[in-house]
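The working numbering puts the first residue of the sequence shown at 39, with every later residue one more than the last.
Where a beta carbon is used, it is the ideal one built from N, C-alpha and C, also for glycine.
Nothing here was measured: the structure is a model prediction, and the numbers come from that model.
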Amino acid sequence: MVERETMEFDVVIVGAGPAGLSAAIRLAQQAQKNEQELMICVVEKGSEVGAHILSGAVFETRALDELLPDWQAMGAPISTAVSHDDIYWFNNESKATAIPHFAVPKTFHNTGNYIVSMGNVCRWLATQAEQLGVEIFPGFSAHSLIIEEGTVKGIITGDMGLDKEGQQKDSFMPGMELRAKYTLFAEGCRGHLGKELIRTFNLDNGKSPQHYGLGFKEIWQVESDVHQQGKVVHGTGWPLDATTQGGAFMYHSEDNQVVVGLIVDLNYTNPHLSPFDEFQRMKHHPVFAQVLTKGKRIAYGARAIAKGGLNSLPTMHFPGGLLIGCDAGTLNFAKIKGNHTAMKSGMIAADVVCQALKSGAANTDLFEFATAFKTSWLFEELHSSRNFGPAMHKFGKVLGGAYNMVDQNLFGGKLPFNLRDDIADHTTLVHKDKAAKKEYAKPDGKLSFDKLSSVFLSNTNHEESQPCHLTLKDQHIPISVNLALYDEPAQRYCPAGVYEIQTIEQQDTLVINAQNCIHCKTCDIKDPKQNITWVTPEGAGGPNYPNM
39 MVERETMEFD
49 VVIVGAGPAG
59 LSAAIRLAQQ
69 AQKNEQELMI
79 CVVEKGSEVG
89 AHILSGAVFE
99 TRALDELLPD
109 WQAMGAPIST
119 AVSHDDIYWF
129 NNESKATAIP
139 HFAVPKTFHN
149 TGNYIVSMGN
159 VCRWLATQAE
169 QLGVEIFPGF
179 SAHSLIIEEG
189 TVKGIITGDM
199 GLDKEGQQKD
209 SFMPGMELRA
219 KYTLFAEGCR
229 GHLGKELIRT
239 FNLDNGKSPQ
249 HYGLGFKEIW
259 QVESDVHQQG
269 KVVHGTGWPL
279 DATTQGGAFM
289 YHSEDNQVVV
299 GLIVDLNYTN
309 PHLSPFDEFQ
319 RMKHHPVFAQ
329 VLTKGKRIAY
339 GARAIAKGGL
349 NSLPTMHFPG
359 GLLIGCDAGT
369 LNFAKIKGNH
379 TAMKSGMIAA
389 DVVCQALKSG
399 AANTDLFEFA
409 TAFKTSWLFE
419 ELHSSRNFGP
429 AMHKFGKVLG
439 GAYNMVDQNL
449 FGGKLPFNLR
459 DDIADHTTLV
469 HKDKAAKKEY
479 AKPDGKLSFD
489 KLSSVFLSNT
499 NHEESQPCHL
509 TLKDQHIPIS
519 VNLALYDEPA
529 QRYCPAGVYE
539 IQTIEQQDTL
549 VINAQNCIHC
559 KTCDIKDPKQ
569 NITWVTPEGA
579 GGPNYPNM
């Protein structure tokens, strides 16, 4: 039995992203206002705040305007206002049709929004939280839950200094018990503790399964003559085929930089499809190539996003805590935005927790959160866009897009229908012999690149001698089922080259290169037999994104 140090707090928050930091700031603000003394702790698995943050990002300031109204005067790194939107249908590898604004859902319009690095915004939010007395512990992963008598009482941080077999090395340091009156989980999309909480407390009863996309992002330094600061480009169509949902983006930020990316919905059916290679193909389209050709790629990353919307949103309260932000799935896919909604969910959580603590309560089930959520603009926004994703999945890109244009532009999301998508993403792959083979051109090293050189740009690092954080429930399934039926799709859906099929002693073997993992969680989502479980590696492991 490992002896662990215990620390007591009023509130422990797991994850220093937009939701967690907004909750921490709001808690500290409310405590000052009420003359309460609150001990608030935020644990962050990245080496520093922002190291694991990856977002487009076109940022809507609505929640920040409420949280810190003077954010501009306070020096928030939010300065590149959107100047105009271009929206395209990509017909093929060389042609694109510009779509007039009246023909697209108004949720795609970005007047009043800003192009930002969410990693830098989170670093700034962390500074604001610390100035209010919040304790932030980067480099500490929340490894497991403390559940006693059916109630969450806090978390245990990960042990440090274990070898690959889980044995203690000379550098061993046991994780700590961080106990709290309430624990808020803000781990981001497909958080591993959030996943356990949903299962343990049946929080998804009566809900559609969560749906996901895999988002790629690169930052490029480009020539000044092709840079248009504030320009936002979105598009759909090629390179994805008619049965594969998703969309492309390119944002012109400051300092002659652009961010370019592709989101591929993870309900795709072809096991031969490689989302990474589709992204590399995409950059050869003239819309992108004319901007990038003389530029230099300086950063790469990928992350799953939760895009199921209101119909997939689990119950967010349970005994002892709350599930907030993308850990629950508050992203508004109709806007392709989740930062302002995550922040608002954290602020609502903070208000409810503060009131409970003020009344002397601890470790209760905060049913009040459900009421506060349903009377907020966050609920109103998610309700108005509840049919956006299901319409695309049920009717396809063209008819689904037409439905959404009518629903959003003419009816404000109030058409009297409730479309549901109850087919889980991991169940959609067809057998390999029923799917068209995909042939991808060799990367040219100018616009398109391979996975390993891309991972290098993500600054990913893990302590090499530690237990593998990509665990298999059944060691035989990758070969006997996934390779036999689907040509082991993990080789292709992973954006970091973690999974390989190698012939070892004349046997096909799945090799897991866990040191490459950029913590996107795609394997945990898309594995057709749900055989892969992502758990936290040692704290500070993973990507070190400078300004994603």
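For M443, no pairing in a beta bridge is given by DSSP. Cβ-Cβ distances below 8 Å link S503 to D201, K202 and K207 in the same chain, with the five nearest sequence neighbours on each side left out; the list follows chain order. With a 10 Å radius around the Cβ and a threshold of 16 neighbouring Cβ atoms, G244 comes out exposed. For V270, the uninterrupted beta strand (DSSP E) run begins and ends at K269 to G275, by DSSP. Residue environment analysis places P313 among the buried positions, since at least 16 neighbouring C-beta atoms fall within 10 angstroms of its C-beta. In the DSSP assignment, W162 falls within the unbroken alpha helix (DSSP H) covering M156 to Q169. The criterion of a C-beta distance shorter than 9 Å is not satisfied by L222 and V87.
Using a C-beta cut-off of 8 Å, the stretch 517-535 makes contact with the stretch 301-319, since at least three inter-stretch Cβ pairs fall below that distance. When DSSP states are grouped into helix, strand and coil, I570 belongs to the strand group. Secondary-structure assignment with DSSP links E256 through a beta bridge to V298 and Y338. Proximity of the stretch 474-492 to the stretch 503-514 falls short of the contact definition, fewer than three beta-carbon pairs being nearer than 8 Å. Shown here for V190: same chain residues with a beta carbon closer than 8 Å to its own, the five before and five after excluded, namely L183, I184, T221, L235, F356, P357, G358, G359 and N401 in chain order. Residue burial annotation: R237 is exposed, with fewer than 16 other C-beta atoms found within 10 angstroms of its C-beta. Cα atoms of P581 and S262: separation of roughly 29 Å, rounded to the nearest angstrom. Taking C-alpha positions only, Y441 is separated from S179 by approximately 43 Å. Beta-bridge partners assigned by DSSP to P357: D403.
Judged by pairs of C-beta atoms under 8 Å, the stretch 94-103 touches the stretch 149-157, as three or more such pairs exist. Around the beta carbon of T560, 16 or more other beta carbons lie within 10 angstroms, which makes this residue buried. In the structure shown, M198 falls within a strand segment according to DSSP collapsed to helix, strand and coil. Taking one beta carbon from each stretch, the stretch 246-256 and the stretch 330-342 have 3 or more pairs nearer than 8 Å; the two touch. In terms of CA proximity to F128, H323 leads the group K452, G339 and H323. By DSSP's assignment, M45 forms a beta bridge with L216. Counting only the Cα atoms, K475 lies some 33 Å from K373.
Distance from the Cα of H230 is smallest, within the candidate group L105, A141, W572 and K567, for W572. Only residues of its own chain outside the window of five on either side were considered, and among them P309, L523 and Y524 have a CB closer than 8 Å to the CB of H469, listed in chain order. The residue among M586, E576 and Q267 with its C-alpha nearest the C-alpha of F210 is E576. The beta carbon of N425 sits closer than 8 Å to the beta carbons of Y441, N442, D445, G451, L453, F455, N456 and L457 from its chain, once the five residues preceding and following it are set aside; these are given in chain order. D459 places its beta carbon less than 9 Å from that of G346. In this chain, the alpha helix (DSSP H) harbouring D389 covers N377 to K396.
Counting the other CB atoms within 10 Å of its CB gives W415 a total below 16, which places it among the exposed residues. Residues V96, F97, E98 and V120 of the same chain have their beta carbon placed closer than 7 Å to that of N151, with the five preceding and five following residues left out of the count.
Restricted to the stretch 82-165, the alpha helix (DSSP H) segments that are unbroken, complete and at least 4 residues in length are 100-105, listed in chain order.
Note on geometry: alpha-carbon atoms of I78 and A388 lie some 11 Å from one another.
Per DSSP, the unbroken alpha helix (DSSP H) holding Q68 starts and ends at P56 to N72. A224 is positioned such that its CB atom lies closer than 9 Å to that of G55.
Counting the other CB atoms within 10 Å of its CB gives V436 a total below 16, which places it among the exposed residues.
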